[in-house]
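Heads up: the sequence lines are chains U and D, in that order. Using my numbering, read the first sequence as starting at 319 and increasing by one per residue. Using my numbering, read the second sequence as starting at 319 and increasing by one per residue.
There are 2 protein chains.
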Amino acid sequence: MGRTLTYPKRSSNTVNRYKHRATYDLRAIHSIINSSQVLHVSFSPGPSDPFPTILPMIGQVGSFDYPSSGIDEPLECYLHGYVSSRIMNLARNSEGEGLPICVAASKIDGLVLSLTPNSHSYNYRSAVLHGYANLVTNEEEKLWAMKLITNSVLEDRWDHSRVPPDKAEMSSTTILKVTVVDGSGKIRDGSSSDEAKDKNNDAVTGSVWTGVVPVWETFGEPVPSPENIVAEVPEYISTFVAHKNSENRAVAENAITVQLPPEEQH
Amino acid sequence: MGRTLTYPKRSSNTVNRYKHRATYDLRAIHSIINSSQVLHVSFSPGPSDPFPTILPMIGQVGSFDYPSSGIDEPLECYLHGYVSSRIMNLARNSEGEGLPICVAASKIDGLVLSLTPNSHSYNYRSAVLHGYANLVTNEEEKLWAMKLITNSVLEDRWDHSRVPPDKAEMSSTTILKVTVVDGSGKIRDGSSSDEAKDKNNDAVTGSVWTGVVPVWETFGEPVPSPENIVAEVPEYISTFVAHKNSENRAVAENAITVQLPPEEQH
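1) Relative to the C-alpha of P435(D), which candidate in V559(U), H448(U), L461(U) has its C-alpha closest?
2) Do the stretch 499-519 of chain D and the stretch 442-455 of chain D touch if we need at least three Cβ pairs shorter than 8 Å?
3) Given a cut-off of 7 Å on the beta-carbon distance, is the pair A317(D) and H358(U) in contact?
4) Along the stretch 462-477 of chain D, where does the CB come closer than 9 Å to a CB of chain U? Name the residues.
5) Please report the distance separating the alpha-carbon of I574(D) from that of I505(D).
6) By the 10 Å Cβ neighbour count, where 16 or more other Cβ atoms means buried, how is D427(D) classified, buried or exposed?
7) So with Cβ pairs under 7 Å, would you call R480(D) a contact of chain U?
8) Only counting the same chain, and skipping five residues up and downstream in sequence, which positions put a Cβ closer than 8 Å to that of E391(D)?
9) Is the number of C-beta pairs between the stretch 466-482 of chain D and the stretch 550-563 of chain D that are closer than 8 Å three or more?
10) Write down every uninterrupted run of the beta strand (DSSP E) in the stretch 396-451 of chain U whose length is 3 residues or greater and which is fully enclosed by it, in chain order.
11) What is the DSSP secondary structure of R506(U), counted as helix, strand or coil?
12) With G529(U) and V541(D) assumed to form a contact (beta carbons below 8 Å), what rounded beta-carbon distance in angstroms separates them?
13) Using a Cβ-Cβ cut-off of 6 Å (strictly less than) and excluding sequence neighbours within five positions of G320(U), which residues of its own chain qualify?
14) Cβ atoms of I372(U) and S360(D): under 7 Å apart, would you say?
15) Comparing the C-beta of T528(D) with each C-beta of chain U, is any distance below 7 Å?
16) Are the beta-carbon atoms belonging to N566(U) and W527(U) less than 7 Å from one another?
17) So, at 7 Å on beta carbons, what are the nonlocal neighbours of N563(U) in its own chain, with the 5 sequence-adjacent residues on each side left out?
18) Use the C-beta contact count for R331(U): other C-beta atoms within 10 angstroms, 16 or more gives buried, fewer gives exposed.
19) Please determine, among P483(D), D507(D), E394(D), T468(D), the residue with the shortest C-alpha to C-alpha distance to L431(D).
20) For N518(D), go through chain U and note every residue whose CB falls closer than 9 Å to its CB, in chain order.
21) Do the CB positions of P418(D) and P368(U) come within less than 7 Å of each other?
22) Give, in chain order, every residue of the stretch 346-359 of chain U whose Cβ lies closer than 7 Å to some Cβ of chain D.
23) Does the beta-carbon distance from K425(U) to R443(U) come in below 7 Å?
24) Quick one: using the 10 Å Cβ neighbour count with 16 as the cut-off for buried, is P370(U) buried or exposed?
25) Assuming contact is defined by CB atoms lying nearer than 7 Å, are L433(D) and D512(D) in contact in what I supplied?
26) Among E539(U), V531(U), M488(U), N411(U), whose alpha-carbon lies nearest the alpha-carbon of A560(D)?
27) Nearest-angstrom Cα distance between I405(U) and M375(U)?
28) Quick check: what's the CA-CA separation for D520(U) versus K485(D)?
29) In three-state terms, what does DSSP make of S353(D)?
30) What do you get for E394(D), buried or exposed, if any count of 16 or more other CB atoms within 10 angstroms of its CB means buried?
31) Using a C-beta cutoff of 7 Å, does V569(U) count as contacting chain D?
32) Measure the CB-CB distance between Y396(U) and K495(U) and report whether it falls below 7 Å.
33) Here's a check: name, in chain order, each residue in its chain whose Cβ is nearer than 7 Å to the Cβ of S509(D), leaving out the five neighbours to either side.
34) If you draw a straight line from the C-alpha of S412(D) to the C-alpha of S354(D), how long is it?
35) Taking Cβ-Cβ distances shorter than 7 Å, what residues in chain D pair up with N546(U)?
36) Among residues of its own chain, excluding the 5 on either side of F558(U), which ones have a beta-carbon nearer than 7 Å to its beta-carbon?
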């Protein structure tokens, strides 16, 4: 129990809309990042281009220096990419603290269907981190991050594949380490909610179905490649699939029955 | 089949890695955007903040001026948000062509498990648009976009809820219209693939299972709100759920059996 670590509120990460849904709690924010299959990473390509851009990347938060750190403690964000990609070149050539980037993760847990379109919403969990990205140059840290990220795709996959990576593989892969400056999260759960003007209108309540359609990510039956010669799907894979399916479903279904605070609107 | 419209290649949207997976085709890019429940939208908060930021938003591409436009024709991107949110204030106060933003959508279709961590991948579809965002001020266009976006969450929901929005609802909602400057997409499908050095290593192929675990979004049984008094889940909802579940599953499973071109690596 004890202390709860939170990210500092700066103008760039302070949530203004539906403040009661906002969180600056490290555990909540880091958990959303680490349970996301894909992260959206934004950066500015440079002064000649007015548009920020977004790359989908795979990544995880963790601590190489303090590997026993909990998910609720200060962590760095590690992102996996190809050596010559634009974001890696920008980070390689960045001056000062590193390349300023934003890392975002969002998961939809349900369609929230209210009486009016305006009160419609999603049950969701979203998180954003801002920080400075630099290339990992320490080979031991790079290997550690590659294992962390591979195992985030499928638990224990690293040790069940051909490792360690050889020299060519190590040099074609780049890991970005993001020193996090701030972060924020937003979580919406519960059922639908509506305003009195509609709740007291019998013609409306009598004709519009309200509630939530839960949504979750399902993993299907593993399909062997044409070249696979291992007879059975290994247990660590089938266990992962079964575990994730029941966990994901439970998260989406449980989100609906959460008790909303009285100030909750939609 | 006639012409295929493509976005121009500029440095900001040109895909350098795995070029054979890149697409500039309007149909492919627009389809990925419109089938995504959530879009990640990036913008720069201003000169005093070094970090770009990302907001999860709901949106769709479409054409108000030419409503019969096909998905493969030039379209605008409409994003839904709250009137006083930061992105809306920035767009409201932007000068010149509008607020430069990036809109991204990514969907994971499968975990691609190869012999080595380096050859691991996802089957996925991702798309990015760059463009200038401005607030929609034409009330008719705004209402059209609100309907388009609501129906993207659940087909036909608009006409099955209390519409039209009243004056307060219209003024609390803001719609951003993005004039698209360029776009790109990336699609990875097929099974796992590996390099000869591992494929020819019997110890490796004999011990590492390779293939794809398909992944898709599942919609569960609709859960009525405590206040709902409509006895049955309406057919347009149950049909939507059943249709989406079989469609999403088919997309993920069919992606695996696509024939990869010979130059395909991992």
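For each residue, glycine too, the CB sits at the ideal point set by N, CA and C.
Let me spell this out:
1) Among V559(U), H448(U), L461(U), the Cα nearest to that of P435(D) is on L461(U).
2) Yes: the two stretches touch, three or more of their Cβ pairs being nearer than 8 Å.
3) With chain D covering only 319 through 584, there is no way to say anything about residue 317(D).
4) When CB distances to chain U are screened at a threshold of 9 Å, the residues of the stretch 462-477 of chain D falling below it are M464, K465, I467, T468, V471, L472, R475, W476, in chain order.
5) Rounded to the nearest whole angstrom, the C-alpha separation of I574(D) and I505(D) is 12 Å.
6) With at least 16 other beta carbons inside 10 angstroms of its own, D427(D) counts as buried.
7) It does; some Cβ of chain U falls within 7 Å.
8) Taking E391(D) as the centre and dropping the five residues before and after it, the same chain places the C-beta of L323, L344, S381, Y384 closer than 8 Å to its C-beta, in chain order.
9) Because the criterion of three Cβ pairs below 8 Å is met, the stretch 466-482 of chain D and the stretch 550-563 of chain D touch.
10) As for any beta strand (DSSP E) of minimum length 3 sitting wholly inside the stretch 396-451 of chain U, the runs are 417-431, ordered along the chain.
11) The answer is strand: DSSP assigns R506(U) an E or B state.
12) Going by Cβ atoms, the distance from G529(U) to V541(D) rounds to 5 Å, so yes, they are a contact pair.
13) In this prediction, G320(U) has a pLDDT of 44, which is less than 50 and means its spatial position is unreliable; what the coordinates show is noted afterwards. Residues of the same chain with a CB within less than 6 Å of the CB of G320(U), apart from the 5 flanking positions on each side, do not exist.
14) Against a cut-off of 7 Å, the Cβ pair of I372(U) and S360(D) comes out as a contact.
15) Taking 7 Å as the threshold, the shortest C-beta distance from T528(D) to chain U falls below it.
16) In this structure, N566(U) keeps its C-beta atom at 7 Å or more from the C-beta atom of W527(U).
17) Result list for N563(U): T536, F537, in chain order.
18) Residue identity check: residue 331(U) is Asn in the sequence provided, not Arg. Looking at its Cβ environment, which holds 16 or more other Cβ atoms inside 10 Å, N331(U) is buried.
19) Nearest of P483(D), D507(D), E394(D), T468(D) to L431(D), Cα basis: D507(D).
20) Within chain U, no residue comes near N518(D); the closest Cβ sits about 11 Å away, beyond 9 Å.
21) Contact flag set, yes.
22) Listed by position, the residues of the stretch 346-359 of chain U near chain D (Cβ gap below 7 Å) are Q355, V356, H358.
23) Yes; because the gap between Cβ atoms is below 7 Å, this pair is in contact.
24) Buried.
25) With respect to the 7 Å criterion, L433(D) and D512(D) are classified as neighbours on the basis of their beta carbons.
26) Ranked by Cα distance from A560(D), the options E539(U), V531(U), M488(U), N411(U) are led by V531(U).
27) Answer to the nearest angstrom: the Cα atoms are 11 Å apart.
28) Rounded to the nearest angstrom, the two C-alpha atoms are 21 Å apart.
29) S353(D) falls in the coil class under three-state DSSP.
30) Burial call: buried.
31) By this cut-off, V569(U) is not an interface position.
32) At a Cβ-Cβ threshold of 7 Å, Y396(U) and K495(U) count as neighbours.
33) Apart from the 5 residues on each side of it in sequence, S509(D) sits with its Cβ closer than 7 Å to the Cβ of G529, V530, I574 in its chain, given in chain order.
34) Roughly 27 Å between the two C-alpha positions.
35) Those are W527, T528, G529, listed as they occur along chain D.
36) The beta carbon of F558(U) sits closer than 7 Å to those of L472, E473, all from its chain and outside the five residues before and after it, given in chain order.
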